[in-house]
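**Student:**
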Amino acid sequence: VVAQGRNVSVNGAAVPEGRPYLHKGLGVTWPGDWVAVASSLGVRVAWDGQLAVTVTAEPELRGGTWGLCGTYTDDPAGERHPAGASPATCTPQMSPPSLSPLPDDLVLPDGDVAASAAAFGNAWKVP
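Note that this note's numbering has the sequence shown beginning at 623, numbered continuously upward.
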């Protein structure tokens with residue numbers, strides 16, 4: 623899924639704005655000014671088309687996530703969403719620059735720790 627503003631495409635095919643899309647466990651909807659993508663894997667991503675992103679993970683994914691939203695383990699030191707939330711919702715963020723990174727901040731896809739927030743963010747980009 624690629625989204626630029628309110629233009630969304632799935633596997634290269636445009637999804638008409640405002641028209642729901644459902645195919646092989648992937649759904650695209652248009653709640654208000656947002657675009658939402660949900661998968662049968664239990665993850666939902668909503669985007670305002672500009673800057674705000676919300677990621678929601680179902681409880682069965684507890685402890686099986688990592689990246690921008692943390693590990694979903696109910697460890698307040700490593701979470702980016704409210705502990706005990708069911709399902710969990712996070713808004714990707716980093717700890718303030720003046721603080722030391724939290725235990726699972728800056729962990730790269732290969733498990734190493736990034737040297738900077740920029741390197742961390744760039745490592746999680748989807749081509």
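For glycine and all other residues, C-beta sits at the position ideal for the given N, C-alpha and C. Being a predicted model, the structure only gives us computed values, none of them experimental.
(1) Quick one, which of Lys646, Ala737, Ala740 and Asp655 has its alpha-carbon nearest Gly627's?
(2) Ignore the nearest five residues each way along the sequence and tell me which others in Val659's own chain have a CB closer than 6 Å to its CB.
(3) From Asn633 to Gly743, what distance separates their C-alpha atoms?
(4) How is Ala674 classed by DSSP in three states: helix, strand or coil?
(5) Rounded to whole angstroms, what's the CA-CA distance from Val784 to Pro638? Just pull it up for me.
(6) Kindly indicate which three-state DSSP category Ala635 falls into: helix, strand or coil?
(7) DSSP three-state call for Leu683: helix, strand or coil?
(8) How close, in whole Å, do the beta carbons of Ser631 and Leu648 come, if the pair is a contact with beta carbons under 8 Å?
(9) Taking the alpha-carbon positions, what's the Glu701 to Trp652 distance?
(10) Would you report the Cα separation of Ala796 and Arg684, rounded to the nearest angstrom?
**Tutor:** So, from the listed chains and residues:
(1) Along the sequence shown, read from residue 1 onward, the residue named residue 627 stands at position 5. Answer by Cα proximity: Asp655.
(2) For this step, residue 659 is matched to residue 37 along the sequence shown. Closer than 6 Å at Cβ, skipping near neighbours: Val623, Val650 and Val667.
(3) As a first step, residue 633 must be located in the sequence shown, where it is residue number 11. As a first step, residue 743 must be located in the sequence shown, where it is residue number 121. Those two C-alpha atoms are separated by around 24 Å.
(4) For this step, residue 674 is matched to residue 52 along the sequence shown. The answer is coil: DSSP assigns Ala674 none of H, G, I, E or B.
(5) This structure cannot speak to residue 784, because the chain is shown only from 623 to 749.
(6) Residue mapping note: residue 635 aligns to position 13 of the sequence shown, counting from 1. In the displayed model, Ala635 falls within a strand according to three-state DSSP.
(7) As a first step, residue 683 is located in the sequence shown; it is residue number 61 there, counting from the start. Here Leu683 sits in helix by DSSP.
(8) Along the sequence shown, one-based indexing puts residue 631 at 9. Along the sequence shown, one-based indexing puts residue 648 at 26. Not quite, the Cβ-Cβ distance comes to about 12 Å (not below 8 Å), so this is no contact.
(9) Taking the first residue of the sequence shown as 1, we reach residue 701 at position 79. Taking the first residue of the sequence shown as 1, we reach residue 652 at position 30. Note on Glu701: pLDDT 45, under 50, position unreliable in the model; no value is reported.
(10) Since the displayed the chain opens at 623 and closes at 749, residue 796 lies outside it and no answer follows.
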